[in-house]
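Written out below as structure tokens is the structure these notes cover.
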Amino acid sequence: MSGPLIKLIPVSFLELILLTLFSPFLSLFCVCVTETVMDTRTATAELGWISFPANGWEEVSGYDENLNTIRTYQVCNVFEPSQNNWLLTTYIDRRAAQRIYVEIRFTVRDCASIPSVLGSCKETFNLYYLETDRTPRLPYTTRVDTIAADESFSQVDFGGRLMKVNTEVRSFGPLSKGRGFHLAFQDLGACMSLLAVRVFYKKCPSIVQNFAFFPETLTGAESTSLVIARGSCIPNAEEVDVPIKLYCNGDGEWMVPIGSCSCKAGFEPDNGNVCRACPQGTFKSSQGAGLCQQCPLNSRSTIEAATLCGCRNGYYRGDMDKPEDMCTSVPSAPRNVVSVVNQTSVLLEWNPPRDTGHREDLTYNIVCRRCHSSERRACQPCDDSVKFTPGKEVLKGTRVEISKLRAHMSYTFDIQTVNGVSNKSPYPAQQLSINITTNQAAPSVVPILHQVSSTSRSFSLSWPPPEQPNGIILDYEIRYYDKVGWKKKSRRVDSPNVVLEGLRPGTGYVVQVRARTVAGYGAYSKEMLFQTLTDGKSVGGLLKCVEGVSITLRPDMFSGPTPTVTFPTLSEGRSSPGVKIYIDPFTYEDPNEAVREFAKEIDPSCVKIEEVIGSGEFGEVYKGRLKPVGKKEIPVAIKTLKVGYSERQRRDFLAEASIMGQFDQPNIIRLEGVVTKSRPTMIITEFMENGALDSFLRLNDGQFPVIQLVGMLRGIASGIRYLAEMSYVHRDLAARNILVNSNLVCKVSDFGKIPVRWTAPEAIAYRKFTSASDVWSYGIVTWEVMSYGERPYWDMSNQDVINAIEQDFRLPAPMDCPVVLHQLMLDCWQKDRNARPKFPDIVSMLDKMIRNPASLKAGTNNIPPGPSHHHPLLDRGAPDLSRVSSVEDWLAALKMTQYRDSFIGSGFTSLPLVTQITAEYVFSFLSSFLCHPYRMHPF
């Protein structure tokens with residue numbers, strides 16, 4: 001030490017310093033991780049710091065508490081004025097840290113304890129730093145802080161008092177100009193010692209949290225800084241929420257975790273930071289926090305990290321089974337089949353199999369084959385006309401009635417047992433077979449009568465033979481009577497046609513026919529009404545206007561003088577002998593087979609393309625003419641398949657024809673045929689002059705009375721009801737896919753896409769498409785019609801539409817929309833699909849509206865609040881006739897006086913007859929647009 005310091009402080013003072021170093025180490029710790037870049041306590045040689053001036057700071061040696069040598073710096077020039085002593089450290093590498101901390105351990109002597117000291121004595125010193133890659137020159141001017149001692153000491157007396165050691169920590173930043181820096185200490189006249197200097201920075205330690213690894217991260221430049229650290233999933237884990245990150249604060253602590261990972265399928269969490277593979281014999285089927293499970297019964301896993309246990313030989317897992325479900329087997333054959341033959345019907349009953357395969361989804365299929373008695377091995381599949389009640393596939397009961405078989409014919413019936421894994425087995429389903437022979441039976445019903453020609457006193461009729469003659473037809477019996485005199489007459493003919501003569505002019509006659517074989521007569525056909533001409537002209541325009549609608553009479557009318565008139569619904573197919581079931585063309589191994597079965601091949605020479613009218617998904621759409629051989633030329637729409645198509649595109653293109661060809665209903669677009677044997681490949685349909693319904697409505701905004709719009713909606717509902725009866729789900733019901741012809745008849749087209757704005761919530765979320773989801777879409781179509789083609793949900797995005805529907809938002813009523821129609825829309829938009837009305841209900845609702853035109857006034861509000869499965873119109877009776885006294889009054893109330901002659905001429909001359917008229921008959925006059933689209937009177 002320098003002379004003045006030795007004079008002032010005797011050897012006992014140095015000893016006191018050594019004693020202090022041997023005392024417990026008193027440095028402060030933080031909970032964070034620190035990285036030291038310089039620590040004089042570990043120095044074993046001279047520090048080599050720069051002191052200026054030379055008689056200022058002095059480096060001396062000492063001992064720590066473990067008797068290790070340490071280096072300290074002292075200064076004590078308190079007897080000399082104007083002190084300015086600098087001490088500069090060596091270069092310190094900051095290692096990319098932006099904020100540095102300095103921990104200083106020092107002692108300072110109390111100026112009052114020094115005798116004869118000058119007034120310039122200090123008990124403080126200054127800390128400086130400088131960012132540089134070179135050795136700076138003194139004096140040093142970048143100050144961090146002035147540091148004062150918490151406690152000073154006076155000279156040690158004989159009582160053994162020790163001097164006080166101070167520890168102070170300072171920080172500075174941000175550092176960014178160089179790789180490192182120098183520290184400098186300035187003394188302005190203190191008597192002090194620097195015992196130790198430690199330089200460090202803080203960082204957040206590497207950590208695994210939420211199965212994500214976060215690397216060691218330096219703190220920010222300021223104490224309040226938050227540094228984002230991106231995480232990555234640990235091995236065998238996958239992201240759950242992204243992004244995955246943590247924030248490192250200025251104290252080196254992690255905070256605000258965002259995102260997470262979880263163990264993959266086949267791996268389970270272990271101690272929260274490892275994803276361990278499932279051992280053999282266990283599995284984990286999905287990602288998440290779950291643990292590995294033992295393999296279910298009849299299954300095993302022979303590898304680690306199994307996501308599914310494979311079934312043992314002879315056992316299977318069904319398509320709808322969960323990974324944790326046991327593996328099951330196919331059922332055995334049914335037992336003890338019993339048959340009862342009644343003419344051309346057979347009743348089969350059987351007992352369940354002994355072994356159900358340990359499943360509860362057992363069903364039965366019936367395979368029917370017709371065999372010639374002389375060649376029992378030469379059997380063929382039964383005709384489609386054979387009827388199975390309750391069905392022939394997926395039967396849950398052990399009883400089936402099979403009817404419409406051929407008389408005196410041998411049949412073989414195979415009763416197959418099927419469960420949820422039968423399709424997994426390489427072996428055919430177990431079955432029990434039985435052979436039966438049918439008895440003699442009368443012929444089936446003649447399906448329909450056709451009027452060939454008509455005069456004022458006669459008309460000519462023809463009919464197809466019964467679909468099941470059950471023998472040779474010997475003759476036919478015709479029964480007919482006029483609806484005025486009710487005098488019944490009958491006549492026999494040998495062929496399926498007759499001319500009835502001697503009739504009254506302008507009179508309707510009810511006609512029935514039945515066939516006879518050696519087994520006797522079959523049942524009469526349904527009653528059909530045919531009209532003789534009046535003065536050489538046809539009666540009214542009803543039968544021509546509403547094509548395909550027949551007037552029938554109920555059987556109970558024969559017992560009383562007052563007839564009851566009913567009409568078949570417009571949705572009935574053309575002479576369909578029963579309910580047809582839609583067959584998906586994609587179930588055919590060869591798609592061309594479906595086209596051949598459901599679509600008629602047309603000679604391309606019969607097709608004339610005239611002009612392009614649009615562009616479809618697969619090619620151009622044209623207007624053209626079709627001239628079948630021996631028939632009248634008709635206008636058609638022609639869809640073509642573009643050049644360069646793939647085989648998949650051709651299959652998808654023709655699939656629409658295979659679908660459309662199965663439908664036969666006035667409100668479904670009619671397929672004329674296809675051209676597949678030459679290019680271009682074409683689908684030919686009836687031509688719809690007014691195009692798509694949405695654009696047609698926009699072009700005619702506000703031009704139609706409400707009841708005419710209801711008539712359009714009724715036609716659409718009738719078409720979809722027909723599809724629902726065939727178990728076909730449309731999926732893309734929207735006004736743009738409804739076509740309108742020149743008579744304003746609406747027909748459903750374009751089958752099978754998925755538009756968000758028209759789609760039910762369950763179909764969007766779970767792809768659950770049913771007739772109920774078509775009902776939802778029909779509600780949107782109703783809104784489109786009543787708003788004249790407005791875009792549903794306007795300019796909202798698809799995601800906004802989905803969110804709004806989830807929050808129970810529903811489209812408001814369009815302008816001037818009757819309350820009953822908006823209530824129908826709300827019923828269609830019930831969140832619970834089971835609460836929505838069925839299409840037969842919707843057709844009935846619309847029929848009731850047409851019957852009760854007063855309900856269609858915009859201000860009418862006779863609907864109870866809140867959605868309901870039962871619409872009030874469903875519960876209404878016949879029109880209220882309490883205020884009318886004649887047919888003329890009734891027509892006037894409906895604003896239909898222009899149809900008086902047609903009603904009276906058709907025999908509706910009294911109110912009792914009017915009360916029996918069904919909605920179809922009223923519809924044929926009220927909507928009227930089939931013949932006179934623009935002659936309706938607005939309400």
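Residue numbers for the sequence shown follow full-length UniProt numbering, so the first one is 1 and each next one is one higher.
Don't be surprised by glycine CBs; every beta carbon is placed ideally from N, CA and C.
Quick one, which of the options has its alpha-carbon nearest residue i's?
i: residue 943; options: Q799, S771, P792; result: Past the boundaries of the shown model lies residue 943; the chain is included only from 1 to 939, so the question cannot be answered.
i: T132; options: G644, T90, A237, K747; result: T90
i: P422; options: F388, P352, Y364; result: Per the sequence shown, residue 422 should be read as Ser rather than Pro. Closest by alpha carbon: Y364.
i: N84; options: V60, S116, S120; result: S120
i: L693; options: G661, I669, A735; result: A735
i: Y849; options: E597, Q708, P505; result: The question names Tyr, but residue 849 is Met in the sequence shown. That would be Q708, whose Cα lies nearest to the Cα of M849.
i: T36; options: D93, V60, R833, R312; result: D93
i: Q490; options: P496, V511, P505; result: Reading the sequence as shown, one finds Ser at residue 490 and not Gln. For the residues P496, V511, P505, the minimum Cα distance to S490 belongs to V511.
i: L218; options: A212, Y247, I234; result: Y247
i: R651; options: L739, D889, Y588; result: Y588
i: L733; options: I668, V706, R95; result: I668
i: P496; options: P505, I478, G502, A657; result: I478
i: D475; options: Y521, L432, S433; result: Y521
Between which two residues does the beta strand (DSSP E) containing residue i stretch?
i: R761; result: Here the sequence assigns Pro to residue 761, which means Arg is not the residue at that position. Note, P761: premise wrong, no beta strand (DSSP E); alpha helix (DSSP H) at 761-766.
i: T782; result: Not the beta strand (DSSP E): T782 falls in the alpha helix (DSSP H), residues 771-786.
i: R399; result: 399-403
i: P269; result: 267-270
i: D414; result: 410-418
i: V518; result: It is not in any beta strand (DSSP E) - V518 carries neither H nor E in the DSSP assignment.
i: V274; result: 274-277
i: K396; result: No beta strand (DSSP E) contains K396, which DSSP labels as neither H nor E.
i: S345; result: 345-351
i: N365; result: 363-372
According to DSSP, is residue i part of a helix, a strand, or is it coil?
i: W254; result: strand
i: P635; result: strand
i: V843; result: helix
i: V165; result: coil
i: K424; result: helix
i: N798; result: helix
i: L297; result: coil
i: K387; result: strand
i: H182; result: strand
i: D827; result: helix
i: V445; result: coil
i: residue 960; result: Nothing about residue 960 can be read from this structure; the chain reaches only from 1 to 939.
i: E610; result: strand
i: A835; result: helix
i: residue 996; result: Limits of the chain in this structure are 1 at one end and 939 at the other, which puts residue 996 out of reach.
i: F586; result: helix
i: D321; result: coil
i: I805; result: helix
i: E46; result: coil
Mind checking residue i: buried by the 16 CB within 10 Å criterion, or exposed?
i: A442; result: buried
i: A306; result: buried
i: N690; result: buried
i: Y766; result: exposed
i: L87; result: buried
i: residue 942; result: Beyond the ends of the chain as shown, which are 1 and 939, falls residue 942; an answer cannot be given.
i: P334; result: buried
i: W794; result: exposed
i: C30; result: In this predicted model, C30 has a pLDDT of only 37, less than 50, meaning its place in the structure is not dependable; the value taken from the coordinates is given anyway. So C30 ends up on the exposed side.
i: P426; result: exposed
i: G220; result: buried
Ends of the alpha helix (DSSP H) at residue i?
i: M712; result: 706-725
i: S116; result: Where S116 is concerned, there is no enclosing alpha helix (DSSP H), given that its DSSP letter is neither H nor E.
i: F79; result: From DSSP, F79 is part of no alpha helix (DSSP H); its letter is neither H nor E.
i: F598; result: 591-598
Comparing the C-beta of residue i with each C-beta of chain C, is any distance below 8 Å?
i: S232; result: The displayed structure is made up of one protein chain only, and chain C is not part of it.
- request: Within the segment 623-702, note down every full alpha helix (DSSP H) run reaching 4 residues or more, in order along the chain.
  value: The DSSP assignment places complete alpha helix (DSSP H) segments of no fewer than 4 residues inside the segment 623-702 at 647-660, 693-699, in order along the chain.
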